[in-house]
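Worksheet: the structure to be examined is printed underneath.
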Amino acid sequence: MTYWLTSVPFLLLLFILPFPGTVALRLSCLAAAFAIAAFLWKKADPPPFPCKAVLTFWIGVAFVSLLFAVDLSYSLGEIKNEIGYAMMALFAFFVVSRDERRVLQGSLAIVLSIAVISTWSLWFQLHLGYWKEDAGHGGVAAFTGLLLMALPALFILWQRQRRVRPFLLLVAVLALLVGAYGLQRMLWVALGIEIGVLVMLLLFKGSMGMSCRRAMIILTATVISVALLLLVAQTTRVVVSGPEVEIQNDVRLRQWSAVMVRILDQPMTGAGFGRNAMKLGSPDLVNPGSLFWHAHNLFLNYGLAMGLPGMIALMSVFGGLLLQYWRMYRSPNQTLTVLGIAGLLLVIGVLLRNFSNDMFQRDSALLFWSMNGLLLGYGLRLSRNEDQTQK
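Numbering-wise, our numbering puts 899 at position 387 of the sequence shown, and it's gapless, one number per residue.
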């Protein structure tokens, strides 16, 4: 009973994060999860906290950016939301992720969330003929990021819970169908790369049962599918919205060079932490009448907010996480390998998603750090136990 009571805030948080309008419940679950983790700290006996150096560097650069902030109160609020809450989530899930059961339950909560959102949004699309952005299932851009982050959860359950594979296959098909309705071009590019990385990781790890023949079939099918889905998405967008959505007319491609020049003009400073850095510090770069009020690239937004130090800090954080997961993947322990692959897919998916937009905010960022806490908490415990056994 105690185990399930302490699990509720964690599982509920993972389930509700993608749903808009759940901020109060979300923060309540986060606070409860953090309090439970702090209480269980000694009993849980967690391994050393991962990536301390790069996380400290990232946090330090964010606070230094306040010295140059155009709107100090805004930047402080963004640090609270995007770093404070994120580190609470990472800490909480890292502490309580003591066994495989926690990881499987967390993965299932994420899969159930995307199953509900997919069903809900598909119902609206079939009845209205379009994606209802203000409905409770959220917008199409948010769904793209959710689907890319859900792939690692689907992979873990597929590998470790064979009896639920039919359900996982149904959820995957439903989510892909909803993604096709959404007409998000980046979804197919990022998902195709994620699947390609997954196949290659399984192939190089011979013990995972991926033969060269099977890998070639999957990769070929993925390339063909991605090309067709991209063609359909782009053609449909042009028919619906006109030639302004042609790739050569994309405002991001026209403005990114100007954003880079602005960053290099003041490489050591920015307008202060937060996605509004361009709107606050460089309003001349904002494209009137379009959605280009921020750089639509996570790293460029960091450059506008904190200069090159901010971009370097962000790259260090993602690099540190990739290194941790690569070490897990290289382990002879198959459970660690599965966790390592899931972690690599998670980081790569978030990087790809935020190359042409910046959705690394609020619910998306909290989900990312919560999943990292789940994977690293259990994975580093396994690694520690293996080291102790060898000694």
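Virtual Cβ for every residue (Gly too), placed ideally from N, Cα, C. Quick caveat, the model's predicted, so the values are computed rather than measured.
Does DSSP put residue 787 in a helix, in a strand, or in coil?
Of the three classes helix, strand and coil, the one that applies to residue 787 here is coil, per DSSP.
Per-residue DSSP class, three states only, for residue 830
Residue 830: helix per DSSP, three-state reduction.
Stretch-stretch touch, CB-based, cutoff 8 angstroms, three pairs: the region 812-832 with the region 662-674:
No: the two stretches stay apart, fewer than three of their Cβ pairs being nearer than 8 angstroms.
From residue 867 to residue 808, what distance separates their C-alpha atoms?
Take the alpha-carbon of residue 867 and the one of residue 808: they are about 7 angstroms apart.
Helix, strand or coil for residue 758, going by three-state DSSP, please let me know.
Residue 758 falls in the coil class under three-state DSSP.
What's the gap between the Cα of residue 723 and the Cα of residue 713?
Distance between the alpha carbons of residue 723 and residue 713 is about 12 angstroms.
Helix, strand or coil for residue 532 per DSSP?
It is coil, neither helix nor strand.
Roughly how many whole angstroms lie between the Cα atoms of residue 858 and residue 710?
Taken atom to atom, the span from the alpha-carbon of residue 858 to that of residue 710 is near 11 angstroms.
Mind listing, in chain order, the continuous alpha helix (DSSP H) runs of no fewer than 4 residues lying wholly within the region 628-705?
The region 628-705 contains these whole alpha helix (DSSP H) runs: 652-672 and 677-694.
With a CB to CB cut of under 7 angstroms and the five nearest residues on each side skipped, what residues in its chain are close to residue 797?
Counting only Cβ-Cβ distances below 7 angstroms, and skipping sequence neighbours, we find 767, 770, 771, 774 and 790.
With a threshold of 16 other CB atoms inside 10 Å of the CB of residue 700, please say whether the residue is buried or exposed.
Buried is the call here.
Out of 805, 894, 682 and 587, state which residue places its alpha-carbon closest to the alpha-carbon of residue 630.
When 805, 894, 682 and 587 are compared, the shortest CA-CA separation from residue 630 is found for 682.
Under a three-way DSSP split, which group does residue 777 fall into?
Here residue 777 sits in helix by DSSP.
Start and end residues, alpha helix (DSSP H) containing residue 855
Counting along the chain, residue 855 sits inside the alpha helix (DSSP H) bounded by residues 846-865.
Mark residue 760 as exposed unless 16 or more other C-beta atoms lie within 10 angstroms of its C-beta, in which case mark it buried.
Exposed.
For residue 705 and residue 749, I'd like the C-alpha separation in whole angstroms.
If I take the Cα positions, the gap works out to 22 angstroms.
From 864, 754 and 529, pick the residue whose C-alpha is nearest to that of residue 625; which is it?
For residue 625, the nearest C-alpha among the options comes from 529.
Are the beta-carbon atoms belonging to residue 542 and residue 878 less than 9 angstroms from one another?
Result yes, Cβ atoms of residue 542 and residue 878 sit closer than 9 angstroms.
Cβ of residue 882 within 9 angstroms of Cβ of residue 658?
Cβ distance not < 9 angstroms, so residue 882 and residue 658 don't count as in contact.
Alpha carbon to alpha carbon, how far is residue 726 from residue 593? Give it in angstroms, no decimals.
Looking at the two C-alpha atoms, the distance is approximately 44 angstroms.
Same chain, Cβ closer than 7 angstroms to residue 894, neighbours up to 5 away in sequence not counted:
Closer than 7 angstroms at the Cβ level, and outside the excluded window around residue 894, lie 845, 847 and 848.
Does the distance from the CB of residue 886 to the CB of residue 609 come in under 9 angstroms?
The answer is yes: Cβ separation under 9 angstroms.
Tell me the rounded alpha-carbon separation between residue 583 and residue 600.
Cα to Cα, residue 583 sits roughly 25 angstroms from residue 600.
Identity of the residue in 523, 884 and 824 nearest residue 620 by Cα
Of 523, 884 and 824, the residue nearest in Cα terms is 523.
Terminal residues of the alpha helix (DSSP H) in which residue 744 lies:
Its alpha helix (DSSP H) spans residues 724-753.
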